[in-house]
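**Q** Okay, here's the structure, questions in a sec.
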Amino acid sequence: NAGVMQNPRHLVRRRGQEARLRCSPMKGHSHVYWYRQLPEEGLKFMVYLQKENIIDESGMPKERFSAEFPKEGPSILRIQQVVRGDSAAYFCASSPLGGHQYFGPGTRLTVT
Amino acid sequence: AQSVSQHNHHVILSEAASLELGCNYSYGGTVNLFWYVQYPGQHLQLLLKYFSGDPLVKGIKGFEAEFIKSKFSFNLRKPSVQWSDTAEYFCAVNLNNAGNMLTFGGGTRLMVKP
């Protein structure tokens, strides 16, 4: 059973470009979570999604960030017009209903 | 808002030393508690979790944690660390009525000297 997969593992973008981060949950998991880890800090919750639904986006910045989990395919975290402060590790986790979260390896975003 | 504090940011120990990492949370309701470990270059893995029942929880690799409700604490312990325990350790809390959102502490970097 493959774990949570994220790609790319490393992403470099120039200021103003768009970043797209992908997350494929574990087989059988219908819930996806995105967390951000800034340098020297712990993980901060961003958004919680089920298939085709955003359940909780209380941790998402109000502008430039969006997330989706379509009926088919991976969950996507999209950051428009990236700025240096977006440089961080972005972790995805998945869980079955009521279960605990399994984390992916993360995507390290560097904005130059 | 709930918060999780890990007071030790960096810990250096020699092999065979005993380990205790502190974790305190700030919420008076019912919580679920977790410890995750992140080995160098790897993703977060669950060490142990507490939902209810016996407050002393045993996890993988010889780790255990004790939930002390009166102190809002969930400290992680291991009687004798190994070099392979070098990693970053994160405490996390989930409120029973807040979906599955996890609130993480800032992490503790443990270095075990051989």
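Protein chains in written order, with our numbering: chain A, 82 to 193; chain B, 7 to 120. Just so it is clear, CB atoms sit at the ideal spot from N, CA and C, and this is done for glycine as well.
If you measure beta-carbon to beta-carbon, which residues of the segment 127-160 of chain A are closer than 7 Å to chain B?
**A** Residues passing the 7 Å Cβ filter: Tyr129, Ile136 and Asp137.
**Q** Is it buried or exposed, Pro46(B), if we count other Cβ atoms within 10 angstroms and call 16 or more buried?
**A** Position 40 of the second sequence, counted from the start, is the residue given in the question as residue 46(B). With fewer than 16 other Cβ atoms within 10 Å, it is exposed.
**Q** Give the interface partners of Gly59(B) over in chain A, defined as CB-CB distance under 7 Å, in chain order.
**A** In the second sequence, the residue the question calls residue 59(B) occupies position 53. Per Cβ cutoff of 7 Å: no residues; Gly59(B) is ~16 Å from chain A at best.
**Q** Rounding to the nearest angstrom, what Cα-Cα distance links Gly59(B) and Gly68(B) in this structure?
**A** For the purposes of this step, residue 59(B) is taken as the residue at position 53 of the second sequence. For the purposes of this step, residue 68(B) is taken as the residue at position 62 of the second sequence. So the alpha carbons of these two residues sit roughly 20 Å apart.
**Q** Please classify Asn106(B) as buried or exposed, where buried requires at least 16 other C-beta atoms within 10 Å of its C-beta.
**A** As a first step, residue 106(B) is located in the second sequence; it is residue number 100 there, counting from the start. It is buried - the Cβ of Asn106(B) has at least 16 other Cβ atoms within 10 Å.
**Q** Could I get the ranges of all uninterrupted beta strand (DSSP E) runs contained in the segment 149-191 of chain A, with 3 residues as the minimum, in chain order?
**A** Within the segment 149-191 of chain A, the complete beta strand (DSSP E) runs of at least 3 residues are 156-160 and 169-176.
**Q** What's the call for Thr193(A), buried or exposed, on a 16-neighbour Cβ count within 10 Å?
**A** For the purposes of this step, residue 193(A) is taken as the residue at position 112 of the first sequence. When all chains shown are included, Thr193(A) counts as exposed.
**Q** Please report the Cβ distance between Asn28(B) and Gly123(A), rounded to the nearest whole angstrom; I am assuming they are in contact, meaning their Cβ atoms lie under 8 Å.
**A** Looking up residue 28(B) in the second sequence gives position 22. Looking up residue 123(A) in the first sequence gives position 42. The displayed chain sequence assigns Gly, not Asn, to residue 28(B). In fact, because the Cβ distance is near 14 Å, the residues do not count as touching under 8 Å.
**Q** Three-state secondary structure (DSSP) at Pro91(B)?
**A** The sequence position of residue 91(B) within the second sequence is 85, counting from 1. In the sequence under discussion, the amino acid at residue 91(B) is Asp, which differs from the Pro named in the question. Correct three-state label for Asp91(B): helix.
**Q** Tell me whether Ser32(B) sits in a helix, a strand or coil according to DSSP, three-state version.
**A** Stepping through the second sequence from its first residue, residue 32(B) is reached at position 26. Of the three classes helix, strand and coil, the one that applies to Ser32(B) here is coil, per DSSP.
**Q** With respect to the beta strand (DSSP E) encompassing Glu72(B), which residues constitute its N-terminal and C-terminal limits?
**A** To locate residue 72(B), count along the second sequence from 1; it is residue 66. Its beta strand (DSSP E) spans residues Glu70 to Ile74.
**Q** What residues from chain B crowd round Tyr114(A), counting only those whose CB sits closer than 8 Å?
**A** Position 33 of the first sequence, counted from the first residue, corresponds to residue 114(A). In chain order: Asn106, Met107 and Leu108.
**Q** Could you name the residues of chain A that Gly112(B) contacts, counting a contact when the two beta carbons are closer than 9 Å?
**A** Taking the second sequence and counting its residues from 1, one reaches residue 112(B) at position 106. Ordered by position in chain A, the residues that pass the 9 Å Cβ test against Gly112(B) are Glu121, Glu122 and Gly123.
**Q** Measuring CA to CA, which of Pro142(A), Glu144(A), Gly84(A) and Ala148(A) is closest to Ile135(A)?
**A** As a position in the first sequence, residue 135(A) is number 54, starting the count at 1. It is Ala148(A) whose Cα lies nearest to the Cα of Ile135(A).
**Q** Going straight from the alpha carbon of Val3(B) to that of Glu99(A), what length do you get?
**A** Any question about residue 3(B) goes unanswered here, given that chain B covers just 7 to 120.
**Q** Under a three-way DSSP split, which group does Lys67(B) fall into?
**A** To locate residue 67(B), count along the second sequence from 1; it is residue 61. Helix, per DSSP.
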